[in-house]
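S.K.:
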Amino acid sequence: MQLGLVHFLILSALLFCLGLYAVLTRRNAVAILMGIELMLNAANINLVAFNKYVAPAALNGHVFALIVITLAACEAGVGLALVLSAYRNLETVHVDEINVMKW
Amino acid sequence: MRELAWLIPVLPLIAFGVIIAFGRRLPGQGAYVAVAGIALAAVLSIGIFVQGLGHTEAYEANIRWVPYGETALDLGIRVDNLATLMLLVVTVVGSMIFTYSIGYMHGDPRYPRFFAYLSLFAASMLLLVLANNLLFLYVGWELVGLCSYLLIGFYFEKPSAARASMKAFLTTRVGDVFMFFGILIVFLTLGTFRFDEIFAKVHEGAFGALTIGGLPLLTVAALLLFGGALGKSAQFPLHTWLPDAMEGPTPVSALIHAATMVAAGVYMVARTYTLFFQSPDHGALTFVAYVGGVTALMAATIAVTQDDIKRVLAYSTISQLGLMMLGLGVLGYTAGMFHLMTHAFFKALLFLGAGSVIHAMHTNSIKEMGGLGTIMPSTYWTFLIGTLALAGVFPFAGFWSKDEILLEAYHHNTVLFVMAALTSLLTAFYMFRVIFYTFTGSLRNRHAHPHESPPVMTRPLWVLAFFSVVVGFVGAPFVGAPIKHFIDFEGLEHVPFSMGMALFGTLVAAVGIGAAAAVYHWKVVPASTLRRAAGPLFTLVSNKYYLDELYDLLFVRPTVAVARFLRNFDVYVIDMIVNLVGFVGIGLARLYRVFDQYVVDGLVNLVGWIAKALGSTLRYVQTGRAQNYLLAIALGVIVLLAAGLFR
């Protein structure tokens with residue numbers, strides 16, 4: 769069986785759904801951050817796959833993927849810092865307990 | 113100097129304003145400011161007097177105030193010899209009394225206010241004296257009345273003082289209403305308030321043959337004006353307020369109710385003398401003279417029976433004011449004003465002396481005193497000088513002025529002369545009665561510890577005593593009687609000095625003094641025997657001829673009865689109607705309340721309830737959990753995608 773674009777897209781969709789599920793259901797903020805990573809990487813797979821199968825001569829998809837990885841690193845840094853700060857102040861990393869936004 | 117005359121009333125007025133504004137924070141709690149105000153006014157007055165010795169024409173200054181028609185109401189002053197004399201008396205006597213008050217009022221809780229009132233009084237009195245028109249004279253007239261009211265009621269926590277101040281105010285107001293009508297008649301007939309214009313027009317005969325109710329209009333106008341003087345100068349029948357006015361602090365009695373304000377009536381008659389003089393057959397003047405004579409004699413008899421030292425002096429003041437009126441009435445223009453001047457000095461002295469005695473004894477009753485002559489020498493000697501002056505003993509001030517009045521009376525009217533002579537006799541008698549009761553013998557109240565007053569009180573006594581001795585010499589024939597040239601009414605002849613009359617006056621005084629000494633010192637006939645002998649007459653006189661009771665019956669009670677009737681009308685008729693309207697209003701209001709409660713409030717509550725119910729339902733959507741929101745977003749995206757796919 770020849771690997772085609774569709775297989776990559778299915779993989780990426782599954783990965784995105786796993787990430788989304790993690791973000792929506794996990795109580796631990798660190799796990800939520802990990803879910804976000806999954807979703808970003810699902811997008812990366814899409815970018816690279818489209819680059820290879822739709823316009824093999826161009827490098828736009830690769831470059832985009834690199835930018836997304838950089839952005840993901842930044843996001844992880846800021847996100848972990850926020851989690852750390854929240855933990856210091858509220859002594860918890862469970863997002864359902866961090867409810868100071870509630871009326 | 114005359115150009116600065118306007119400053120004379122303004123200075124005490126400034127003192128009044130400063131004391132009212134700053135009071136206790138001033139040096140001496142405001143007393144020094146008040147004394148400075150009146151003393152500067154006194155200096156100015158003396159300057160004006162010295163400058164005015166040379167010429168006789170009057171100085172006038174006017175500020176146009178309210179223009180009407182072709183002419184205007186002027187705010188003006190007039191400095192002539194009459195006003196100058198009065199200025200001198202008011203400011204000099206005033207300065208002494210202000211100084212004395214520093215000691216007398218010491219420790220009073222309303223000390224600054226006392227000096228503020230005194231200053232306001234001085235300003236008003238000086239305005240009255242300087243006014244060049246009837247209207248401003250009237251303004252000053254009413255202002256001094258107000259100050260008198262405030263100062264009589266100075267100890268307003270005492271009910272008797274509060275009542276006395278009201279009595280004084282209301283009684284003088286009766287006279288003032290007459291005076292106001294008098295001013296109106298003069299203004300409506302002559303069209304001016306200014307004295308010089310009034311006099312000129314009266315001389316031209318502007319009143320002509322106008323009559324009202326059978327009386328010449330000019331006489332009526334003069335008599336109405338004199339009505340004001342009746343009240344202010346405590347003449348019969350409006351004299352009853354003055355003895356009660358003794359409830360005020362003694363310096364007030366001395367300044368206002370002896371020396372200056374009560375003399376304002378005499379001054380006013382002298383000021384408008386042309387009106388009285390020109391009235392047909394001197395009708396107005398004759399009336400003035402008889403009122404004066406009756407007042408003088410009546411008050412002198414009452415004074416004999418009084419035991420309160422200040423009341424004796426009060427009746428003596430009424431009597432002497434009557435004598436001044438009598439003097440003016442018998443064409444003794446100079447004599448009346450001369451007596452006003454001398455009287456101001458020695459009566460102020462006597463009142464201050466009495467104040468010094470009261471200060472030491474804490475009682476007004478002469479029956480409780482006695483033997484104070486050795487304990488309070490300064491007070492005794494000055495009081496004696498004042499008494500000799502009042503009794504008319506040569507060479508004290510009263511001798512010269514009383515002699516003038518007797519002389520004028522003798523030349524014009526025998527009845528009035530007898531009245532004046534009897535008054536003089538009684539005056540000498542009752543004053544020495546006071547002297548014997550107060551200063552000789554032994555102290556009757558064993559519990560009192562009298563002492564001499566402080567120098568700030570005795571020094572003014574000595575100054576006034578000095579004046580009481582020397583001031584009469586301006587009317588002495590051997591120095592040319594300068595007063596007769598200074599105070600002179602055009603068209604009046606002075607009756608020349610007569611040795612016989614002088615001897616007669618001295619004899620009268622001597623008889624009075626001798627009688628007093630016989631009864632109260634040597635006790636040839638004890639006072640109690642005399643009292644029993646006089647019987648009902650004594651009761652009548654000692655009760656002031658029952659005039660207070662008569663007025664009570666005639667005026668006070670009917671007024672109170674009418675007031676009570678009106679009150680009952682108010683309570684039972686007007687209040688009833690008002691209450692009925694109120695009840696109807698309340699009934700209607702109840703009805704409206706039900707409507708409001710169940711309909712209007714119901715609607716309002718419904719709106720509120722709906723909003724609240726919606727809010728409490730929808731608030732559960734806002735969980736505050738980011739994951740829930742995110743879920744909603746994700747579902748929304750899926751729904752949108754699905755909508756896009758299966759369109």
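Keeping their order, the protein sequence lines are chains A and B. One rule links them: number in my numbering = place in the first sequence (from 1) + 768. One rule links them: number in my numbering = place in the second sequence (from 1) + 112. No residue lacks a Cβ here, since even glycine has one placed at the ideal position from N, Cα and C.
1) In three-state terms, what does DSSP make of T183 (chain B)?
2) Can you pull the DSSP bridge partners for E172 (chain B)?
3) Counting only beta-carbon atoms, is L743 (chain B) nearer than 9 Å to chain A?
4) DSSP on N867 (chain A), reduced to helix/strand/coil?
5) With DSSP run on the structure shown, which of helix, strand or coil describes W634 (chain B)?
6) Is the beta carbon of H351 (chain B) less than 9 Å from the beta carbon of S260 (chain B)?
7) Give me the chain B residues within the contact set of V851 (chain A), using Cβ-Cβ distance strictly less than 8 Å, ordered along the chain.
8) Skipping 5 residues on each side, what residues in its chain have a beta carbon closer than 7 Å to that of T535 (chain B)?
9) Tell me whether V846 (chain A) is buried or exposed, calling it buried when 16 or more other Cβ atoms sit within 10 Å of its Cβ.
10) Taking the straight line between their C-alpha atoms, what separation do you get for F758 (chain B) and G748 (chain B)?
11) Alpha carbon to alpha carbon, how far is Y632 (chain B) from F128 (chain B)? Give it in angstroms, no decimals.
12) Between which two residues does the alpha helix (DSSP H) containing T499 (chain B) stretch?
13) Buried or exposed: which applies to S207 (chain B), given that a residue is buried once 16 or more other Cβ atoms fall within 10 Å of its Cβ?
14) Does the pairing of the segment 385 to 399 of chain B with the segment 275 to 289 of chain B give three or more beta-carbon distances under 8 Å?
15) Straight-line CA distance for F248 (chain B) to M237 (chain B)?
16) Would the C-beta of R137 (chain B) count as close to the ligand ZN, meaning under 8 Å from any of its heavy atoms?
17) In chain B, which residues lie with their C-beta within 7 Å of the C-beta of V791 (chain A)?
18) Would you mind stating whether L342 (chain B) and V403 (chain B) have Cβ atoms separated by less than 9 Å?
19) Counting along the chain, where does the alpha helix (DSSP H) carrying P608 (chain B) start and finish?
20) Among the candidates B:Q141, B:M291, B:L116, B:G448, whose CA atom is the shortest distance from the CA of G219 (chain B)?
21) Looking at C-alpha atoms only, which residue of A:N867, A:V868, A:V863 is the closest neighbour of A797 (chain A)?
22) Tell me the rounded alpha-carbon separation between G252 (chain B) and N174 (chain B).
23) Identify the contact partners of L710 (chain A) in chain B, using a Cβ-Cβ distance below 8 Å as the criterion.
24) Assuming V581 (chain B) and I595 (chain B) make a contact with CB atoms under 8 Å, what is their CB distance in whole Å?
25) Residues of chain A with a CB under 7 Å from the CB of E709 (chain B): which are they?
26) With three or more C-beta pairs closer than 8 Å as the rule, is the segment 800 to 809 of chain A touching the segment 834 to 845 of chain A?
27) How long is the line joining the alpha carbons of V145 (chain B) and P221 (chain B), rounded to whole angstroms?
28) Just to confirm, are G439 (chain B) and G617 (chain B) a CB contact at a threshold of 9 Å?
29) May I ask you to list the residues that DSSP assigns as paired with S477 (chain B)?
30) So, does the CB of A738 (chain B) fall closer than 9 Å to a CB anywhere in chain A?
31) So for I324 (chain B), helix, strand or coil by DSSP?
32) Which residues in the same chain have their Cβ closer than 8 Å to the Cβ of L777 (chain A), if we skip the five residues on either side of it in sequence?
33) Got a sec: is the Cβ-Cβ distance from N812 (chain A) to anything in chain B below 9 Å?
34) Output the boundary residues of the alpha helix (DSSP H) element that contains G847 (chain A).
35) Where in the segment 549 to 623 of chain B do unbroken runs of the alpha helix (DSSP H), each at least 4 residues long, occur, reported from the N-terminal end onward?
36) Y212 (chain B) to F529 (chain B), Cα distance in whole Å?
M.R.: The short version:
1) strand
2) DSSP lists B:R190 as the beta-bridge partner residues of E172 (chain B).
3) yes
4) Correct three-state label for N867 (chain A): coil.
5) coil
6) Taking 9 Å as the Cβ cut-off, H351 (chain B) and S260 (chain B) do not qualify as a contacting pair.
7) Correct list: empty, because the minimum Cβ distance to chain B is about 13 Å.
8) So the qualifying residues of the chain are A408, L409, A412, S431, L435.
9) exposed
10) C-alpha separation (whole angstroms): 15 Å.
11) 46 Å
12) 489 to 503
13) Burial check for S207 (chain B): the Cβ neighbour count within 10 Å reaches 16 or more, so the residue is buried.
14) no
15) C-alpha separation (whole angstroms): 11 Å.
16) The ligand ZN is absent from the structure shown, which contains no ligands of any kind.
17) L742
18) yes
19) Run containing P608 (chain B): none; DSSP gives neither H nor E here.
20) B:Q141
21) When only C-alpha atoms are compared, the closest one is A:V863.
22) Cα to Cα, G252 (chain B) sits roughly 17 Å from N174 (chain B).
23) Only positions 769 to 871 of chain A appear in the structure, and residue 710 (chain A) is not among them; the question remains open.
24) About 16 Å separates the two Cβ atoms, so there is no contact after all.
25) Looking at the sequence itself, residue 709 (chain B) is Gln, so the reference to Glu does not match. In chain order: nothing, as chain A lies at least about 34 Å away.
26) The segment 834 to 845 of chain A and the segment 800 to 809 of chain A touch, with no fewer than 3 CB-CB distances between them shorter than 8 Å.
27) 18 Å
28) no
29) B:D420
30) yes
31) strand
32) Around L777 (chain A): N814, A817.
33) No Cβ of chain B is located within less than 9 Å of the beta carbon of N812 (chain A).
34) 828 to 858
35) 567 to 582, 595 to 598
36) Going from the Cα of Y212 (chain B) to the Cα of F529 (chain B) covers about 37 Å.
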